[in-house]
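One structure is given below, encoded as structure tokens.
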Amino acid sequence: MTIYNLGSINADLAYSVPHLPLPGETLAASEMIRGLGGKGANMSVAAARAAGRVVHIGAVGKEGGWAVERLMEYGVDTRHIATVDAATGHAIILVDGQGENSIVIHHGANHAIPEELLGRVLADADTGDILLMQNETLLQPEAARMARKLGLRVAYAAAPFEAEAALAVLDHTDILVLNAVEMAQLEEATGLDLPRMGVKTVIVTEGGDGCRIHLAENGWKPERFAAPKVNAVDTTGAGDTFTGYLIAGIDRGMPLKQAVDLATRAAAIMVTRRGTADVIPDLKDVQDARLG
Numbered sequence: 001m002t003i004y005n006l007g008s009i010n011a012d013l014a015y016s017v018p019h020l021p022l023p024g025e026t027l028a029a030s031e032m033i034r035g036l037g038g039k040g041a042n043m044s045v046a047a048a049r050a051a052g053r054v055v056h057i058g059a060v061g062k063e064g065g066w067a068v069e070r071l072m073e074y075g076v077d078t079r080h081i082a083t084v085d086a087a088t089g090h091a092i093i094l095v096d097g098q099g100e101n102s103i104v105i106h107h108g109a110n111h112a113i114p115e116e117l118l119g120r121v122l123a124d125a126d127t128g129d130i131l132l133m134q135n136e137t138l139l140q141p142e143a144a145r146m147a148r149k150l151g152l153r154v155a156y157a158a159a160p161f162e163a164e165a166a167l168a169v170l171d172h173t174d175i176l177v178l179n180a181v182e183m184a185q186l187e188e189a190t191g192l193d194l195p196r197m198g199v200k201t202v203i204v205t206e207g208g209d210g211c212r213i214h215l216a217e218n219g220w221k222p223e224r225f226a227a228p229k230v231n232a233v234d235t236t237g238a239g240d241t242f243t244g245y246l247i248a249g250i251d252r253g254m255p256l257k258q259a260v261d262l263a264t265r266a267a268a269i270m271v272t273r274r275g276t277a278d279v280i281p282d283l284k285d286v287q288d289a290r291l292g
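Going by the UniProt record's numbering, the sequence shown opens with residue 1, and the numbers climb by one from there.
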């Protein structure tokens, strides 16, 4: 099977700072790292490193060839990444000494993906393939409706959280992944509880505490999965790593609980590394890791 990821591609500029800045405060960074990022690219790399077959649907600016080459090196099918007039998206990431982060994003080319590209790519998909989406691009509602008509399963990571974006795709979503804060925001913004959202599988990540899954077939009763205890140095990209591994596991036919466990271990390794897409662990790393 194949994962089609309608996703962002960013240049990540990560700065190590003593603490996250207060309003009006100027800080000196002790280190700066430039790498590949964006929730879409991170998830594509994670899914590919988890042995999934991933086709990325996205866009970069004319200076973004390096990002496409990097995705290709990590095993992602990049044939459907368009080059557009807008600048490649980028993110400025501040990481403090405890691994917490603050991020500013410029969408750029991520908001200029041609709609005709989307239709052309999904027309080649097979029934049972997975469409994966986040909120850093446009065209999510169009993609979700198209995917459902073609018999694909739709997985939606509702981040960065936008109530209007979520409401536009929930009716067409099979698997919803979001963190605990985003889940609270979604419930508050929509006034909907889990049964009325219409999504049969909901997975809520809880950082160092692990995650919980809610299934329609089990009456929405939460089942919790603990996260391995590790020394976190950078939480950037951990949620994306979780989602990429999760969707790759499901696409490969793993039972949901096994895919969740694998994704939880991958995210735990990710927070021990500084960086984003370039440091996502591969499947052997996750399988061989001795985690508490």
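The C-beta atom is built at its ideal place from N, Cα and C for all residues, glycine as well.
Rounded to the nearest angstrom, what separates residue i and residue j at their Cα positions?
i, j, result
"Ile57", "Leu13", "23 Å"
"Val230", "Leu186", "29 Å"
"Ala112", "Asn5", "16 Å"
"Thr137", "Glu217", "31 Å"
"Gln134", "Leu246", "14 Å"
"Gly41", "Pro160", "Position check: residue 41 holds Ala in this sequence, whereas Gly was assumed. Using only the alpha carbons, I get a separation of about 14 Å."
"Arg212", "Glu206", "8 Å"
"Pro195", "Leu131", "23 Å"
"Pro222", "Leu215", "8 Å"
"Val17", "Leu27", "7 Å"
"Leu20", "Ala259", "34 Å"
"Glu63", "Trp220", "46 Å"
"Met197", "Lys257", "22 Å"
"Gln98", "Leu150", "45 Å"
"Ala147", "Asn10", "25 Å"
"Val154", "Ala144", "7 Å"
"Tyr156", "Arg120", "21 Å"
"Asp285", "Leu291", "11 Å"
"Ile3", "Leu192", "29 Å"
"Glu224", "Pro255", "Residue 224 is actually Arg in this sequence, not Glu. Taking the straight line from one Cα to the other gives about 16 Å."
"Gly249", "Leu262", "8 Å"
"Val84", "His90", "15 Å"
According to DSSP, residue i sits in a beta bridge with which residue or residues?
i, result
"Asp77", "Val55"
"Ile3", "Val54, Ile130"
"Asp12", "Gly35, Ala91"
"Val202", "Leu176, His214"
"Ile103", "Ile93"
"Arg153", "Ile130"
"Thr83", "Val60"
Excluding the 5 residues preceding and the 5 following residue i in the sequence, name in chain order all residues of the same chain whose CB lies nearer than 6 Å to its CB.
i, result
"Ala227", "Gly208, Gly210, Thr264, Ala268"
"Ala87", "Gly61, Gly108"
"Ala165", "Asn135"
"Ala158", "Ala166, Leu178, Glu182"
"Arg279", "Arg is not the amino acid found at residue 279; the sequence shown has Val there. Around Val279: Arg273."
Under DSSP, the beta strand (DSSP E) around residue i begins and ends at which residues?
i, result
"Phe225", "223 to 225"
"Leu170", "Looking at the DSSP string, Leu170 is not in any beta strand (DSSP E), and its letter there is neither H nor E."
"Ala143", "Per DSSP, Ala143 belongs to no beta strand (DSSP E); it is in the alpha helix (DSSP H), 140 to 149."
Along the chain, where does the alpha helix (DSSP H) containing residue i start, and where does it finish?
i, result
"Leu117", "115 to 122"
"Ala263", "256 to 270"
"Ala248", "238 to 251"
"Gln287", "283 to 288"
"Arg196", "194 to 197"
For residue i, collect the residues of the same chain with a Cβ closer than 8 Å to its Cβ; drop the 5 residues on either side in sequence, then sort them by chain order.
i, result
"Leu139", "Leu6, Ile113, Glu115, Leu118"
Leaving aside the five residues before and after residue i along the sequence, list all residues of the same chain whose C-beta is less than 7 Å from its C-beta, in chain order.
i, result
"Pro141", "Ala168, Val169"
"Arg70", "Leu36"
"residue 303", "This structure cannot settle anything about residue 303, because the visible part of the chain is limited to 1 through 292."
Is there at least one Cβ from chain D nearer than 8 Å to residue i's Cβ?
i, result
"Ala166", "No chain D appears in the structure shown, which is made up of a single protein chain."
Heavy atom of the ligand SAH less than 7 Å from the Cβ of residue i, yes or no?
i, result
"Ala189", "Ligands are entirely absent from the displayed structure, and the ligand SAH is therefore not among its contents."
Meets three-Cβ-pair contact criterion under 8 Å: the segment 169 to 187 and the segment 77 to 97: no
Should the segment 75 to 91 be called in touch with the segment 39 to 57, which here means at least 3 C-beta pairs below 8 Å? yes
Can you confirm whether the segment 101 to 112 touches the segment 120 to 128 when touching is taken to mean that 3 or more C-beta pairs between the two stretches lie within less than 8 Å? no
For the segment 24 to 36 against the segment 268 to 286, do three or more pairs of beta-carbon atoms, one drawn from each stretch, fall closer than 8 Å, so that the two count as touching? yes
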